[in-house]
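Here the protein sequences line up with chains A and B, keeping their order.
If you're matching positions, the first sequence starts at 1 in the working numbering and goes up one per residue.
If you're matching positions, the second sequence starts at 1 in the working numbering and goes up one per residue.
Ideal placement from N, C-alpha and C gives every residue a C-beta, glycine not left out.
Data block below; observations after.
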Amino acid sequence: MKFFNLLKKELAELLNMQTIISLVVAMGLLMIMGNVMTNTIEEAVEQEYKITLCDRDKTEFTADMIEKLRSYGSKVDEVTDDSEDYAQLLENAEKDCLIIIPEGFSEAVEKGESPEIISIARMKSAAMMSNITNTNSGAETLINRCVSEVFAANAGLTPEDMQLIDAPVEVVSHTVVSTESAEVSSDMVMSKVMMQNMILPIIVFVLIMMTSQGLMSGISNEKIDKTLETLLSAPVSRTAVLGSKMLAATIVAMLQAVCFMFGFSSMMSGATQDATAGIANTAAAQIMPVDEALEKLGLSLSAGDYVLVGIQLFLTIMICLSLSLILGSLVSDAKQTQTMIMPLMFGAMIPYMISMLADINTLPIAVRIFVYAIPFTHTFSAIPNLMFGNTTIFFIGLAYQVVVFGVCMFFALRLFKSDKMLTVSLNFGQKSRYKKSAKKEKSE
Amino acid sequence: MEKVLEVKGLSKQYTKVLAANKVTFDIGKGEIFALIGPNGAGKTTTIRMISTLLIPTDGDAVVNGYSVNKEPEKVRQCITYLPDEAGAYKNMTGEKYLRFMAGLFSTDIDTINGYVDRAKEMCGLGDRLKDKIGSYSRGMIRKLLLSRAVMTKPALAILDEPTSGLDVLNAIEIRKMIKKLAAEEGMSFLISSHNMLEIEFVSDRVGIISKGKLHVTGTADELKKRYNAANLEEVFERVVNGNEIL
């Protein structure tokens, strides 16, 4: 009962209106970003089939070519403008990209020479997604195809001959993982695995940051506001005080992780939906579907694997909580709280960044030891290790996390149950008041 | 007189500083004992050891028959502690804070309600108890914390600078309240203060501590007589300066 009273108070402290609003805003922003990406990609896909042409050659051949472009499924808009000011041309046409078929185009084709087209695209900003829809690449490919077909016909080649010239070699891809192999391209496997593994590191990172911040500010605020002394002199065990703080920080962090997971999933599905569709289409042409290939290669995680990842995630949170408890106890003002969170922040950021960019197991031995010494690394590398059969490394990591948690919790409990909780603080180069007074007394 | 607190040679040694040096005194039931001394004299260290917040390096303190060394949990059931410049949870309303604190002393809902009603009446904050503590003035927070400290009718209430931050009228009211609780309800108080007027008015006995050592204890009149002083301030000056010279 007393524990629930404490837990209720801790939850109320951590889950205030400010936290809820910022969480809802963050989730909303991620979902909006997902929507923006979806719209941009949809627009880009649509743009692939939209061609704006300015036919200045005006021959029977160009008219036939435009009809052919339409027969490929493209929506062709024709504009008539003789301006040589391309910016003005786009302005007049109210378009962001346009292709000019200049005079002499048909003549060059007839002569068997390489004809010229002028491709104009407006660049609006340097942002990655902002220019995705301002491209003529789809149109250029189709025009090339039309002209190729004319050249092929003139040379007496059939469309089948052309296909053979375009892709003379048939590639049969096989991917090997450990001792298993499957008839599937490694690019497709990689794309699928990457998409699956993208969310967990984000959740782990958010969890580490949120739990440490929650618990550390919970303890440091009590110290700074001097409410800790009142609380510890009340008839309630220190274990209950400590337990309620840890549980509340975990609950709030979990809630935040779920919200972020939802937001990120929404954003990532927006960003990857067409890529996935692309893979699915290609996969359909393959002998083996990707999911089946993943299973054959042993890259699909079983329920048992997910339980192991869950255990490691739990251990990570517990290590994070015990470290936060120790660091929070050393804080004596609000500024120090921000400073003390830095070790945990870097401890989470280093393995997060490395696991995103490289395979930790292939790093030089000294770097590998350093990275694996950070207990959070083992959670970031948990899924890849289980997927690729590095179970020994996984279990060594798990055992290491248990040991680190045991050591951290031992010191955290000792600290919380001793009076050091109220007397210890970091001075960062400043001499403690006790040392100062001792020195003063000596000099007197 | 029945003893509520017996402090027996209580010491606290930090790495290089002896913050409390064999402090010995006792407090009877319904008695108000004031611990006075200059800054850094060891008042708060002594009070924190009695409140079970600090572990003594030597000696013991027995509250209502329970040792702070052996049975700190039982000691905490008999005491309440109001630290100097203590704050309260700013996001809670005054009433919620009182209810939360009462919930740490009892699990019985009727008892909790009784504690809260008593505190509400004593603090005199009225409807402001429904507002968040973050909007309170320093004086209002002090009144809230004081009512919290006495709402459970502890055997011993330990108050560090009980009237700091309060205006004259509120300070007088609090002093009267402390005297009334001691006289009518038999509650004992261990008070620390820099305000000699307050000490003289409110306390039954005084202990003067300096450099971690409790030099003298007695009633205000006894001490004035012993040190041939007109008031407690002069007694304090003579005891502290005398020990500085020594």
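Counting of Cβ neighbours within 10 angstroms places A/N136 among the buried residues, the total reaching 16 or more. One thing to note: B/G28 has its Cβ within 8 Å of the Cβ of B/E2. Against chain B, the beta carbon of A/E13 has neighbours under 7 Å at Y89, N91, listed in chain order.
Taking the beta carbon of A/M1 as reference, the chain B residues within 7 Å of it are T107, listed in sequence order.
Chain order gives no chain B residues near A/P351, where near means a beta carbon separation below 9 Å; the closest approach is about 35 Å. CA-CA distance, B/A119 to B/L169, rounds to 19 Å. Within 10 angstroms of the beta-carbon of A/G34 lie 16 or more other beta-carbons, which makes it buried.
Judged by beta-carbon spacing, B/S147 lies beyond the 8 Å limit of B/P38, meaning their Cβ atoms are not closer than that value. Interface flag for B/G134 against chain A is unset, since no Cβ pair is found closer than 8 Å. For the pair B/R48 and B/Y14, the Cα-to-Cα distance works out to about 14 Å. When the beta-carbon positions are compared, B/G42 and B/A20 come within less than 8 Å of each other. For B/F236, the nearest beta carbon of chain A is not closer than 8 Å to its own beta carbon. Apart from sequence neighbours up to five positions away, the residues of its chain that approach B/L53 with a beta-carbon distance below 8 Å are Y81, ordered along the chain.
Between B/S51 and B/I191 the beta-carbon gap is near 13 Å, outside 8 Å, which marks them as no contact.
In this structure, A/C146 is the residue among A/C146, A/A26, A/S220 with its C-alpha nearest to the C-alpha of A/F105. A/T227 has a beta carbon lying within less than 8 Å of a beta carbon in chain B. For A/D359, the closest of A/R238, A/T250, A/T377, A/D225 by C-alpha to C-alpha distance is A/T377. Exclusion of the five residues before and after B/E200 leaves A220, L232 as the residues of its chain whose Cβ lies within less than 6 Å of its Cβ.
At a cut-off of 8 Å between beta carbons, B/P38 makes no contact with chain A. The alpha-carbon separation between A/A93 and A/A87 amounts to approximately 10 Å. Residue environment analysis places B/R142 among the buried positions, since at least 16 neighbouring C-beta atoms fall within 10 angstroms of its C-beta.
For B/Q77 and A/L301, the gap between their C-alpha atoms comes out near 53 Å.
The beta carbon of A/A249 sits closer than 7 Å to those of L14, T211, G214, L215, G218, L321, all from its chain and outside the five residues before and after it, given in chain order. Taking C-beta atoms under 8 Å as the contact rule, B/S203 and B/A34 qualify, at a distance of about 4 Å. A residue is called buried when at least 16 other Cβ atoms come within 10 angstroms of its Cβ; A/F395 does not meet this threshold and is exposed.
Neighbours of A/N16 across chain B, judged by C-beta separation under 8 Å: N91. In the structure shown, B/R128 adopts helical secondary structure according to DSSP, grouped into three states. With respect to chain B, the C-beta atom of A/S425 has no partner C-beta closer than 8 Å. Following the DSSP letters along the chain, one finds A/F314 inside the alpha helix (DSSP H) bounded by residues 303-329. Cβ-Cβ distances below 6 Å link B/D58 to S11 in the same chain, with the five nearest sequence neighbours on each side left out; the list follows chain order. Straight-line spacing of the CA atoms in A/S244 and A/V236 works out to 11 Å. Setting aside the 5 residues that flank it on each side, A/S324 is surrounded in the same chain by S212, L215, M216, each with a C-beta closer than 6 Å to its C-beta; the list follows chain order.
Chain B places no beta carbon closer than 8 Å to that of A/T239, leaving this residue out of the contacts. As computed with DSSP, B/T80 is found in a beta bridge with B/A157. Contact between the segment 48-55 of chain A and the segment 112-128 of chain B is absent: fewer than three C-beta pairs spanning the two stretches fall below 8 Å.
Here A/T316 really is in contact with A/I208; their C-beta atoms are around 7 Å apart, less than 8 Å.
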